[in-house]
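Residue numbers for the sequence shown follow the working numbering, so the first one is 24 and each next one is one higher. Every residue gets a Cβ at the ideal spot worked out from N, C-alpha and C, and that includes glycine. All values derive from a computational prediction rather than experimental measurement.
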Amino acid sequence: MADVFEPRDIIVTGGCGFIGSNFVRWVAANHPGVHVTVLDRLTYAGNPENIAGLPGDRVELVVGDVCDADLLDRLVPGHDAIVHFAAESHNDNSIAGPEPFVRTNVVGTYRLLEACRKYDVRFHHVSTDEVYGDLALGEPRRFEPDDPYRPSSPYSSTKASSDLLVRAWHRTYGVRATISNCSNNYGPYQHVEKFIPRQVTNVLCGARPKLYGTGENVRDWIHTEDHSRAVWDILTCGRVGETYLVGADGERSNKDVLRAILELMGRDPDDFDWVRDRPGHDRRYAIDPTKLERELGWRPLHTDFREGLARTIAWYEGHEGWWRPAKEATEAKYAKQGQ
Ligand code: NAD
Ligand code: TDX
Numbered sequence: 024m025a026d027v028f029e030p031r032d033i034i035v036t037g038g039c040g041f042i043g044s045n046f047v048r049w050v051a052a053n054h055p056g057v058h059v060t061v062l063d064r065l066t067y068a069g070n071p072e073n074i075a076g077l078p079g080d081r082v083e084l085v086v087g088d089v090c091d092a093d094l095l096d097r098l099v100p101g102h103d104a105i106v107h108f109a110a111e112s113h114n115d116n117s118i119a120g121p122e123p124f125v126r127t128n129v130v131g132t133y134r135l136l137e138a139c140r141k142y143d144v145r146f147h148h149v150s151t152d153e154v155y156g157d158l159a160l161g162e163p164r165r166f167e168p169d170d171p172y173r174p175s176s177p178y179s180s181t182k183a184s185s186d187l188l189v190r191a192w193h194r195t196y197g198v199r200a201t202i203s204n205c206s207n208n209y210g211p212y213q214h215v216e217k218f219i220p221r222q223v224t225n226v227l228c229g230a231r232p233k234l235y236g237t238g239e240n241v242r243d244w245i246h247t248e249d250h251s252r253a254v255w256d257i258l259t260c261g262r263v264g265e266t267y268l269v270g271a272d273g274e275r276s277n278k279d280v281l282r283a284i285l286e287l288m289g290r291d292p293d294d295f296d297w298v299r300d301r302p303g304h305d306r307r308y309a310i311d312p313t314k315l316e317r318e319l320g321w322r323p324l325h326t327d328f329r330e331g332l333a334r335t336i337a338w339y340e341g342h343e344g345w346w347r348p349a350k351e352a353t354e355a356k357y358a359k360q361g362q
């Protein structure tokens, strides 16, 4: 294990999105001595309500763009670390319109790396297992940190590009950086465009869930709180320059997840529509988290997926005021795509 890094004043980009806001709430609850500055542009995916109610002397929101170099010059000096969650994150959106993905995910990461280089600030880059492409259904192999990059979608190719920038800024300029590549997250505050919240809120609205293609595609699910703990462990105890894969042995086909949602919501498990497949749809993701477990002693705590799913469904049932405003526009976008 590397020397322990003890940050006191961190910037969390994208801290009003799904995973970023869960991370900010987790840090506020578990590390009360740490001050968090959230830098978030508040796109359609960012919602300040996600971090509402946290103590104002410990969590501060700056509304701004990670691509804005002047803003970074004002904001970054004096902080010990940047934890970078901000991104355009939805594959289907990247297929419909890739430009914002190139801008935020590639240029935004470049600007943050330049600020870290200039002000000697530590950087943790939050990335995805999708940079490794996909695996065949049914094969035993899982992704490992040194696997080649083979991204399939505009989204995953921009995340792969940003990972490569981080690796280069570490090697060439000595920026103190770490990278985590995580599998599919689930939990509260996830936007209704994503698979699990879309299906749950469809059922709550009286609409039928929508399954792409054959429904055989496999995703490796992890509760977002386990991801938060992993990011913290890597930031504070990980070795600079290293990549850690984060996953919780949660492989399931989309069809199985959808049937579980319908069962837990008291519906017929076959009561859904098959819709047009995603172009270039990755077949299977699966993470080997051995490095994270061996080096940092991280283990997932949310090991019962069905229970986590039931609690997530209950959260959406109890927070209609949170998801309802985004639902109609999201479904209108899907309808145009035949999905
Ligand atoms: P999200 O779409 O819910 O949130 C993204 C946040 O970034 C939003 O608050 C948005 O306002 C903000 N943002 C977007 N562009 C910005 C810009 N130019 N400047 C400042 N803020 C900006 O995303 P998420 O699902 O929470 O994902 C967070 C990170 O985790 C992403 O980097 C994503 O690639 C990665 N990741 C996600 C998953 C997953 O399952 N969702 C899995 C692995 C990795
Ligand atoms: O309505 C749907 N029906 C359906 O069958 C939707 C929205 C999705 N799907 C399928 C596509 C995928 O196989 O469900 C699976 C999950 O889809 P998404 O929630 O869009 O996630 P995915 O494309 O796997 O990417 C997610 O995990 C990795 C995040 O959105 C990324 O940000 C992260 O990097």
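Straight-line Cα distance separating residue j from residue i
i, j, result
"G87", "A109", "11 Å"
"R282", "D272", "19 Å"
"D91", "L62", "11 Å"
"T326", "W49", "18 Å"
"P211", "A309", "22 Å"
"H113", "V154", "14 Å"
"R64", "C205", "23 Å"
"V57", "S44", "15 Å"
"L187", "A349", "33 Å"
"P302", "W192", "33 Å"
"T60", "G331", "29 Å"
"A104", "D32", "7 Å"
"K182", "A200", "16 Å"
"P71", "E351", "20 Å"
"T247", "C139", "26 Å"
"Y178", "N128", "8 Å"
"R97", "V198", "19 Å"
"C260", "E29", "9 Å"
"E286", "A68", "29 Å"
"V99", "F46", "19 Å"
"W255", "Y209", "18 Å"
"A333", "V280", "11 Å"
"V75", "D249", "First, the residue type needs correcting, since residue 75 is Ala and not Val in the sequence shown. A75 and D249: Cα-Cα distance of roughly 21 Å."
"D294", "A355", "21 Å"
"E239", "Q360", "21 Å"
"R165", "V241", "12 Å"
"L95", "V89", "7 Å"
"K233", "A337", "20 Å"
"D300", "D115", "10 Å"
"L319", "G264", "15 Å"
"G131", "I42", "18 Å"
Contacts around residue i, its chain only, beta-carbon distance under 6 Å, and the 5 residues preceding and following it disregarded
i, result
"H148", "H107, V189, I202"
"D305", "D157, S175"
"V125", "T181"
"S117", "F124, S176, P177, Y178"
"P373", "No statement about residue 373 is possible, as the shown extent of the chain runs from 24 to 362 and does not include it."
"I257", "T201, S203, Y267"
"Y133", "L188"
Bridge partners - residue i, DSSP secondary structure assignment
i, result
"E330", "In the DSSP output, where bridge partners are listed per residue, E330 has none listed."
"R21", "The structure shown has nothing for residue 21, since the chain only spans 24 to 362."
"S150", "N204"
"L62", "T36, V85"
"V106", "V35, H147"
"V130", "DSSP, once it has assigned bridges, lists no residue as partnering V130."
"L158", "R307"
"Y209", "H246"
For residue i, the first and last residue of its enclosing beta strand (DSSP E)
i, result
"R81", "From DSSP, R81 is part of no beta strand (DSSP E); its letter is neither H nor E."
"C228", "Not the beta strand (DSSP E): C228 falls in the alpha helix (DSSP H), residues 218 to 228."
"S203", "200 to 205"
"Y267", "266 to 269"
"D311", "Unbroken run through D311: none, as it is neither H nor E."
"Y235", "233 to 235"
"V50", "V50 -> not in any beta strand (DSSP E); alpha helix (DSSP H) instead, spanning 41 to 53."
"D170", "It is not in any beta strand (DSSP E) - D170 carries neither H nor E in the DSSP assignment."
"V298", "296 to 298"
Cβ-based neighbour list, residue i, same chain, cut-off 8 Å, excluding 5 preceding and 5 following
i, result
"W346", "V215, P220, T224, Y339"
"E343", "L227"
"Y172", "V154, Y155, G156, A183, D186, L187"
Beta-carbon proximity list for residue i, same chain, < 7 Å, skipping 5 on both sides
i, result
"P312", "L268, V269, G270"
"L315", "A253, Y267, L268, V269, W321"
"T151", "S179, K182, N204, C205"
"R329", "A283"
Residue span of the alpha helix (DSSP H) that contains residue i, given as start and end
i, result
"Y357", "343 to 359"
"V254", "247 to 260"
"I74", "Looking at the DSSP string, I74 is not in any alpha helix (DSSP H), and its letter there is neither H nor E."
"L187", "177 to 196"
"S117", "114 to 119"
"R97", "92 to 98"
beta-carbon residue i near ligand 3 non-hydrogen atom, thresh 6 Å
i, result
"F328", "Because ligand 3 does not appear in the structure shown, any question about it cannot be addressed here, the ligands present being ligand 1 and ligand 2."
Test: residue i CB closer than 7 Å to a CB of chain B
i, result
"G197", "Note that chain B does not occur in the displayed structure, where there is just one protein chain."
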